[in-house]
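Visitor: One structure is given below, represented as structure tokens, and several questions about it will come after.
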Amino acid sequence: MVIIETSLFTRKIVELLKDDEYAELQQALCKNPERGGKLVYGLRKVRWKRGGQGKRKSIRVIYYYCEDKMQLYMLIAYPKNEQENLTKEQMKMLKKALDIFLEQ
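Note that the numbering used here has the sequence shown beginning at 3, numbered continuously upward.
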């Protein structure tokens, strides 16, 4: 499985998770890429608990799994306490970013 990150995702994930926590997330998604709940445009959202913190301090990761290419596109990560769900506009922007990735 190949994992591809947007620059926004990379910037946020290093702020939110330690390296070993992110490695666990990657392993979990590679093992079960359909783990996250379905959103629009084929996007998925998974909740990931940060080490030593409760459910309220968890993060959300929005990603896309391309089964044909065996690729995970990591699009955005954010803390649950900052935002529960993405807005329609944010979802549209993620779709545009995903389209660019898929054309490559």
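Ideal placement from N, C-alpha and C gives every residue a C-beta, glycine not left out.
Cβ atoms of R46 and R62: under 8 Å apart, would you say?
Guide: In this structure, R46 does not lie closer than 8 Å to R62 by Cβ.
Visitor: Alpha carbon to alpha carbon, how far is E23 from A79?
Guide: Rounded to whole angstroms, E23 to A79 spans 13 Å at the Cα level.
Visitor: On the DSSP letters alone, give me the boundaries of the beta strand (DSSP E) that R49 sits inside.
Guide: Segment L45 to W50, the beta strand (DSSP E) holding R49.
Visitor: Taking the Cβ atom as the reference point for each residue, do G38 and Y65 lie within a distance shorter than 8 Å?
Guide: A contact, by the Cβ cut-off of 8 Å.
Visitor: Could you check which residue in L77, E84, R52 and K90 has the C-alpha nearest to that of L10?
Guide: Answer by Cα proximity: L77.
Visitor: Give me the Cα-Cα distance between L74 and N87, rounded to the nearest whole angstrom.
Guide: Approximately 21 Å between the Cα atoms of the pair.
Visitor: Using the three-state DSSP reduction, which class does K82 fall into: helix, strand or coil?
Guide: Looking at K82 - three-state DSSP - the assignment turns out to be coil, as it is neither helix nor strand.
Visitor: Apart from the five residues on each side of it in sequence, which residues of its chain come closer than 8 Å, Cβ to Cβ, to K40?
Guide: Taken in chain order, the residues that qualify are R46.
Visitor: For the alpha helix (DSSP H) containing E105, name the first residue and the last one.
Guide: Run containing E105: K90 to E105, per the alpha helix (DSSP H) assignment.
Visitor: I'd like to confirm the pairing. Which residues does DSSP put opposite R62 in its beta bridges?
Guide: R62 is bridged to R49 and Y80.
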